[in-house]
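Peer 1: Residue numbers (mature numbering (1 follows the signal peptide of the UniProt record, and there is no 0)): -16 to -1, 1 to 455. Ideal Cβ placement from N, Cα and C applies to all residues, glycine included. Keep in mind it's a predicted model, so treat the numbers as computed, not measured. I'd like to ask you about the structure that follows.
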């Protein structure tokens, strides 16, 4: 008798907890908020408002068979989200987007957002956001994404840039590095700015860079450097910085190269300048300019709504499968709560977006940046197999350089380091890292085996060399 009462109480509590409708009994509902201030003029706003509604309905019809989504479109953010909504989709400014995110979190809504450039992305496990980025103006968003993902967490940064970047771009980069982020665990970065200029005469350029770096105060400004220059200036900065002993195991140098598209062999050649113990990384543009590269608002709306429709369809199929296996009372107890369903759908939307971006020509896929990390610690003691592999890679690089007609002005001696593909950035997913930007800062020697000789002082005895694995 007591057991029966406990079971009944459990069912009543579970049913009360799941007071939101199942997808089997009611379609998912989506509030669509399109902020008027996001658009330049009223006519553009009204046209886009109608277009978003029409496009969303068409995409939902195309990608659902047994489910559906009821749309409610609003022209401002003052919407009562406490109603039985499942999803919130917004097209709004960065400030409004984060304000809506807090409200969506409170109501346990799946939140999809398209927002303005230079806006921190929503946490991946809590929502999906897509900052609209204009081609050629990606750098501020890249640095924001690096900071929000924890890939770049310098407390101080020394920014060296040339005149190839407009003043507005540099100011936006500085703001991206110093902006206080919603995630309080991400620290602010203090900056020191140094401006230089590209010179066709290499000696003049070398002298200019030397004047800037020779007066540098490490004790005041720290040892983290970000160099935003043209690809033809990188080797000069690397060599001058090394000659002034600013490159060492305690420093970090990040080179950002926006004009590297089509010159991958040139970027790879910088490995020849790496020396033992250096922490160097490159962020370089690998964009392929295509006539049909769509980075517009409607492309992102279609992409998001498609992934959402497929995810809701799969969620309904899961509910139907569960309902067939248990009784109705048990179903009300064990089916997902509103918070759990939100987490499931957000995860599914992210997964569907990844599939779509891998298979098809997704929004802005032609815009691509790559991250390359230097592996230098312990490479002076590389095995013969490692040296042979590096020599083969260098031979292929030189052949590629000749084939593309590039002038190889980098020193011809083989360096002791190598460049590792560490990740990519594109407008949709943002930063996707497979390795840390500075591997040795995070992982030290990365388990490399080094030869060590031991001897006893005062005795004519020398032990045989052996190899020790270092962390």
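For residue 394, collect the residues of the same chain with a Cβ closer than 6 angstroms to its Cβ; drop the 5 residues on either side in sequence, then sort them by chain order.
Peer 2: Low per-residue confidence applies at residue 394: pLDDT is 42, beneath 50, and the placement is therefore not dependable enough to give any value.
Peer 1: Given residue 397, which residues of its chain have a CB within under 8 angstroms of its CB, disregarding the five upstream and five downstream residues?
Peer 2: Summary for residue 397: the model assigns pLDDT 43, below 50, so the residue's position carries little reliability, and this model does not support an answer.
Peer 1: What residue ranges within the segment 188 to 220 form continuous alpha helix (DSSP H) runs of no fewer than 4 residues, ordered along the chain?
Peer 2: Counting only runs of 4 or more, we get 202 to 205.
Peer 1: Mind checking which residues open and close the beta strand (DSSP E) that includes residue 138?
Peer 2: Premise fails: residue 138 is in no beta strand (DSSP E) and is neither H nor E.
Peer 1: Under a three-way DSSP split, which group does residue 22 fall into?
Peer 2: In the structure shown, residue 22 sits in a helix (DSSP, three-state: H, G or I).
Peer 1: Can you have a look at residue 336 and say buried or exposed, based on whether 16 or more other CB atoms are within 10 angstroms of its CB?
Peer 2: Answer is buried; the Cβ neighbour count reaches 16.
Peer 1: Can you say whether residue 332 is buried or exposed, counting buried as having 16 or more other CB atoms within 10 angstroms of its CB?
Peer 2: Its Cβ being crowded by 16 or more others within 10 Å, residue 332 is buried.
Peer 1: Do you know offhand how far residue 392's Cα is from residue 184's?
Peer 2: Because residue 392 sits at a pLDDT of 47, beneath the cut-off of 50, its placement in the model cannot be relied upon, and the point is left open.
Peer 1: Are at least three pairs of beta-carbons, each pair with one atom in the segment 298 to 314 and one in the segment 272 to 283, less than 8 angstroms apart?
Peer 2: The segment 298 to 314 is not in contact with the segment 272 to 283.
Peer 1: Mind listing, in chain order, the continuous beta strand (DSSP E) runs of no fewer than 3 residues lying wholly within the segment 221 to 298?
Peer 2: Qualifying beta strand (DSSP E) stretches, in chain order: 236 to 241, 264 to 269.
Peer 1: Can you say whether residue 53 is buried or exposed, counting buried as having 16 or more other CB atoms within 10 angstroms of its CB?
Peer 2: That one is buried.
Peer 1: When you compare the segment 340 to 359 with the segment 308 to 322, are there three or more beta-carbon pairs, one atom per stretch, that lie closer than 8 angstroms?
Peer 2: Judged by Cβ distances under 8 angstroms, the segment 340 to 359 makes no contact with the segment 308 to 322, as fewer than three pairs qualify.
Peer 1: Within 10 Å of its beta-carbon, does residue 98 have 16 or more other beta-carbons around it, so buried, or fewer, so exposed?
Peer 2: Answer is buried; the Cβ neighbour count reaches 16.
Peer 1: Bridge partners for residue 405 per DSSP, in chain order?
Peer 2: BP columns for residue 405 point to 356.
Peer 1: Closest to residue 120 by CA distance: which of 410, 36, 179, 323 is it?
Peer 2: Ranking 410, 36, 179, 323 by Cα distance to residue 120 puts 410 first.
Peer 1: Which of helix, strand or coil does DSSP assign to residue 69?
Peer 2: Reduced to three states, the DSSP call for residue 69 is coil.
Peer 1: Check whether the segment 204 to 211 touches the segment 103 to 110, taking contact to mean three or more Cβ pairs, one atom from each stretch, closer than 8 angstroms.
Peer 2: As far as the Cβ criterion goes, the segment 204 to 211 does not touch the segment 103 to 110, which means the pair count is below three.
Peer 1: Provide the residue span of the alpha helix (DSSP H) that contains residue 94, from first to last.
Peer 2: Per DSSP, residue 94 belongs to no alpha helix (DSSP H); it is in the beta strand (DSSP E), 94 to 99.
Peer 1: Using a 10 Å radius around the Cβ and a threshold of 16 neighbouring Cβ atoms, would you call residue 438 buried or exposed?
Peer 2: With fewer than 16 other Cβ atoms within 10 Å, it is exposed.
Peer 1: Please classify residue 401: is it buried, with 16 or more other beta-carbons within 10 angstroms of its beta-carbon, or exposed?
Peer 2: Looking at its Cβ environment, which holds 16 or more other Cβ atoms inside 10 Å, residue 401 is buried.
Peer 1: Per DSSP, what kind of secondary structure is residue 53 in: helix, strand or coil?
Peer 2: In the structure shown, residue 53 sits in a strand (DSSP, three-state: E or B).
Peer 1: With a threshold of 8 angstroms on Cβ separation, who are the neighbours of residue 100 within its own chain once the five nearest residues in sequence on each side are excluded?
Peer 2: Once the five neighbours on either side are set aside, the close Cβ partners of residue 100 are 22, 77, 78, 115, 116.
Peer 1: Would you list, in sequence order, the uninterrupted alpha helix (DSSP H) runs of no fewer than 4 residues that lie entirely inside the segment 104 to 152?
Peer 2: Correct list: 123 to 132.
Peer 1: Going by DSSP, what residues sit across from residue 175 in a beta bridge?
Peer 2: Note: residue 175 sits in a beta bridge opposite 141.
Peer 1: What residues are listed by DSSP as bridge partners for residue 75?
Peer 2: Answer is 18, 98, bridged to residue 75.
Peer 1: Could you spell out where the beta strand (DSSP E) holding residue 416 opens and where it closes?
Peer 2: 414 to 417 is the extent of the beta strand (DSSP E) around residue 416.
Peer 1: What residue does the alpha helix (DSSP H) around residue 325 start on, and which one ends it?
Peer 2: Start and end: 322 to 343.
Peer 1: Determine the contact status of residue 251 and residue 212, defining contact as a CB-CB distance below 8 angstroms.
Peer 2: No.
Peer 1: Alpha carbon to alpha carbon, how far is residue 131 from residue 9?
Peer 2: Roughly 43 angstroms separates the two Cα atoms.
Peer 1: Taking the alpha carbon of residue 141 as the reference point, which residue from 149, 159, 57 has its own alpha carbon closest?
Peer 2: Cα-wise, what sits closest to residue 141 is 159.
Peer 1: Taking only three categories from DSSP, how would you classify residue -10?
Peer 2: Legend: pLDDT at residue -10 = 38, less than 50; position of this residue unreliable, value from coordinates given subsequently. The answer is helix: DSSP assigns residue -10 an H, G or I state.
Peer 1: Using a C-beta cutoff of 8 angstroms, does residue 31 count as contacting chain C?
Peer 2: The chain labelled as chain C is not found in the depicted structure, where only one protein chain is given.
Peer 1: Determine whether the beta carbon atoms of residue 63 and residue 17 lie at a separation below 8 angstroms.
Peer 2: Closer than 8 angstroms, so yes.
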